[in-house]
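In what follows, a single structure is set out as structure tokens and then discussed.
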Amino acid sequence: MFHYLLQDSGGELAEVKGGIQECLIQGLNTGTLDLQVNGWGHKAALEGEYKEIYSEKGLGKVQWKPAENDRAATWYKRYFDEPDGDDPVVLDMSSMSKGMIFVNGEGVGRYWVSYRTLAGTPSQAVYHIPRPFLKSKDNLLVIFEEEMGKPDGILVQTVTRDDICLFISEHNPGQIKTWDTDGDKIKLIAEDHSRRGTLTCPPEKTIQEVVFASFGNPDGMCGNFTVGTCHTPNAKQIVEKECLGKPSCMLPVDHTVYGADINCQSTTATLGVQVRCGGGKKGA
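Just so we're aligned: 86 in the UniProt record's numbering is position 86 of the sequence shown, and the numbers increase by one with no gaps anywhere.
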């Protein structure tokens, strides 16, 4: 269940009070009437959530009308066909502001285009729709817009994602399948519980280039990694040996493999890698 229009608690969660804080009726012959001590309540979430109007079975529970631009707290719907090919499908939400996305009744997640970076651009405007959510025809797209937007500007597109990354620390827990619960305890069920990261190219593509590789304290995000003060130069050569020309490769997250100085003062024992995929095998 998703909930909207609720106040963000901010950085002082313990100090934030919910509900009505002050309510006075002034101008009465008997003086000011203070209603703060009255029992107050409010209805959480939206009627559209309870009726599930973002799904085919719930669409008919409300009356829809032609869409209008710049309407706050508004539900919008439309249908679209699945784009051809196997490339990832995305929604370009640049014309909207803030809200939630539903595709065929599945919650894709929240969008927040109106949240701007220091450069004044949207922090994110393109949102992924998993192809398993889609049918070949007549996919139901429902948008709940909290602020204001122009729904006719929403675009269904495909993108090429040939750069893939991993960012894993030795301090991260091992793969979940290596652990199990025994009553109130967690126990190890696999002999090999070492940390590993896997890079996998899209179908019919192989790893053609290692764009970035560092073990130590790399920083940034996929497409914009930078080396840290504990960078290990050997990392790129090791990753190239393990990954080039392959559709997928698995990399150990272990400082001894990369010859990293685990005693470096600022190390986070992190492996950061970005590779680029392309058609065919390397050298072909």
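Just so you know, even glycine gets a beta-carbon here, dropped at the ideal spot from N, CA and C.
Comparing alpha carbon positions, the residue from Gly-216, Gly-279 and Gly-220 closest to Val-257 is Gly-216. Cβ atoms of Leu-166 and Val-273 come within 8 Å of each other, at about 5 Å. The beta carbon of Thr-229 sits closer than 6 Å to those of Ser-266, all from its chain and outside the five residues before and after it, given in chain order.
DSSP places Asn-104 outside both helix and strand once states are collapsed to three, so it counts as coil. Per DSSP, the continuous alpha helix (DSSP H) segment holding Gly-48 begins and ends at 47–51. In this structure, Arg-196 sits near Pro-252, with a CB-CB distance shorter than 7 Å. Pro-132 carries a helical assignment under DSSP once its states are collapsed to helix, strand and coil. For Leu-59, the secondary structure class from DSSP, reduced to helix, strand or coil, is helix.
When secondary structure is reduced to three states using DSSP, Thr-256 falls in the helix class.
In this model, Glu-68 and Arg-110 are separated by some 21 Å (Cα to Cα). Cys-165: member of the beta strand (DSSP E) spanning 163–169, first to last residue. Within the model, the alpha-carbon separation for Ala-119 versus Ile-164 is close to 25 Å. In the DSSP annotation of this structure, Cys-23 is not part of any alpha helix (DSSP H), being labelled neither H nor E.
Excluding its 5 nearest sequence neighbours in each direction, Tyr-115 has C-beta neighbours in its own chain below 6 Å: Ser-123, listed in chain order. A contact between stretches requires three or more CB pairs, one per stretch, nearer than 8 Å, and the segment 35–44 fails this requirement with the segment 91–111. With 16 or more neighbouring CB atoms inside 10 Å of its own CB, Thr-232 falls in the buried class.
Between the alpha carbons of Glu-145 and Asn-29 lies a distance of about 44 Å. Scanning its chain for C-beta atoms nearer than 8 Å, with the 5 sequence neighbours on each side dropped, one finds around Ser-136 the residues Asp-81 and Glu-82, in chain order. Exposed is the label assigned to Tyr-50, since fewer than 16 other Cβ atoms lie within 10 Å of its Cβ.
If you draw a straight line from the Cα of Leu-46 to the Cα of Glu-147, it comes to about 15 Å. Going by DSSP, Gln-124 is part of no alpha helix (DSSP H) at all; its letter is neither H nor E. Residue pairing of Trp-75 in beta bridges, as defined by DSSP: Phe-144.
Residue pairing by DSSP places Trp-112 opposite Lys-98 in a beta bridge.
When DSSP reads this structure, Arg-276 sits in a beta bridge with Asp-163 and Glu-209. For Gln-157, the three-state secondary structure derived from DSSP is strand. The Cβ atoms of Lys-236 and Ala-213 sit closer than 7 Å to each other. The beta carbon of Pro-203 sits closer than 8 Å to the beta carbons of Asp-86 from its chain, once the five residues preceding and following it are set aside; these are given in chain order. Only buried fits Cys-243, as 16 or more other CB atoms lie within 10 angstroms of its CB. Using a Cβ distance threshold of 7 Å, Ala-73 and Ser-169 do not count as a contacting pair.
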